[in-house]
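S.K.: After the structure tokens below, expect a handful of questions from me.
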Amino acid sequence: MSYHLEPHLLGEICTLKHKHELWIGQIVLIKDELFELQLLEEKVKSVPLGKQPLWITIETIDHEIHLLDVEIVSDSLRDNDRILLLKAVSDLKFQSKRQDTRLPIADEIEMFYREFPPRYYKWEKGSFLNISLGGAQFTGSKYISQGNLIEIKLGPPFFGDDDDEVVISRNVHATSENGDYIFSVQFLNLIESHQTQLKKYIENIYSGLKTPTF
């Protein structure tokens, strides 16, 4: 049995689970029971997918979530973009009621961000206001439009001293305040080991520990 994607999902950003990684893609075509997914990261353009099952998560900006079990119909390069032609064999739809614990950042924690894909954008400095497992709020002087993708450098103190990750995130809200911008972002591909460390950091701070342990 196959499923037809709803037309309003055209253009939506999604994550594709491949082994222990989350790849970022965008739905660029919906036609009958098939749809095309463009993979947005340069690093995955030549990574073979093989025959293993694939799972895709679509979360719209108004928190509508689709969990898709998909089959690959074709895998090709088009104008140097990797395009997967897919067929959904299951589609679980629901509204997100996720309420992650947000940790306010009392002392300034500097961070770096830039628009994704990063071909023409340099890193900009920012400062975290709060953080949770699902996302963060930060200030910065470089504006990025709501709905666009952002790369964020995450590292100490959330992870170990020599450990960091560039996380692709979606800008779900942006406002201006005193000449700077306040961004609220949703993490899209934070790896599992860093999710565990970030969760432990937040729990330790809330339990009164000054120094998190890893």
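Numbering-wise, numbering that gives the first Met the number 0 puts 100 at position 101 of the sequence shown, and it's gapless, one number per residue. Cβ coordinates follow ideal geometry from the N, Cα and C atoms, glycine included.
#1: Could you please give the first and the last residue of the uninterrupted alpha helix (DSSP H) stretch that includes residue 19?
#2: Do residue 132 and residue 194 have their C-beta atoms closer together than 9 Å?
#3: Can you tell me where the alpha helix (DSSP H) holding residue 145 begins and where it ends?
#4: Is DSSP giving residue 201 helix, strand or coil here?
#5: Could you give the DSSP three-state label for residue 194: helix, strand or coil?
#6: Where do the N-terminal and C-terminal ends of the beta strand (DSSP E) with residue 35 fall, by residue?
#7: Since residue 74 and residue 87 are thought to touch, with beta carbons under 8 Å apart, how far apart are those beta carbons, to the nearest angstrom?
#8: Quick check: residue 81 and residue 44, are their CB atoms within less than 9 Å of each other?
#9: Are the Cβ atoms of residue 37 and residue 27 separated by less than 9 Å?
#10: Beta-carbon within less than 8 Å of residue 122's beta-carbon, same chain only, minus the 5 sequence neighbours each way: which residues are those?
#11: If you reduce the DSSP assignment to three classes, tell me which class residue 7 lands in.
M.R.: Looking at the coordinates:
#1: Residue mapping note: residue 19 aligns to position 20 of the sequence shown, counting from 1. For residue 19, there is no enclosing alpha helix (DSSP H), as DSSP gives it neither H nor E.
#2: Residue numbering aside, residue 132 sits at position 133 when the sequence shown is read from its first letter. Residue numbering aside, residue 194 sits at position 195 when the sequence shown is read from its first letter. Yes.
#3: Against the sequence shown, residue 145 aligns to sequence position 146. According to the DSSP assignment, residue 145 belongs to no alpha helix (DSSP H), since it is labelled neither H nor E.
#4: As a working mapping, residue 201 is identified with position 202 in the sequence shown. Shown here, residue 201 sits in a helix according to DSSP, grouped into three states.
#5: On the sequence shown, position 195 is the one that residue 194 refers to. Looking at residue 194 - three-state DSSP - the assignment turns out to be helix.
#6: Counting from 1 along the sequence shown, the entry for residue 35 is found at position 36. Where residue 35 is concerned, the enclosing beta strand (DSSP E) stretches over 33–38.
#7: Reading the sequence shown from its first residue, position 75 is the one you call residue 74. Reading the sequence shown from its first residue, position 88 is the one you call residue 87. No, residue 74 and residue 87 are not in contact; Cβ-Cβ is about 16 Å, not under 8 Å.
#8: Indexing the sequence shown from 1 puts residue 81 at position 82. Indexing the sequence shown from 1 puts residue 44 at position 45. Taking 9 Å as the Cβ cut-off, residue 81 and residue 44 qualify as a contacting pair.
#9: Walking along the sequence shown from the start, residue 37 turns up at place 38. Walking along the sequence shown from the start, residue 27 turns up at place 28. At the C-beta level, residue 37 and residue 27 come within 9 Å of one another.
#10: By one-based count along the sequence shown, residue 122 stands at place 123. Contacts found: 111, 112, 113, 152.
#11: Here residue 7 corresponds to residue number 8 of the sequence shown, with the count starting at 1. Assignment of residue 7 by DSSP, reduced to helix, strand and coil, places it in the helix class.
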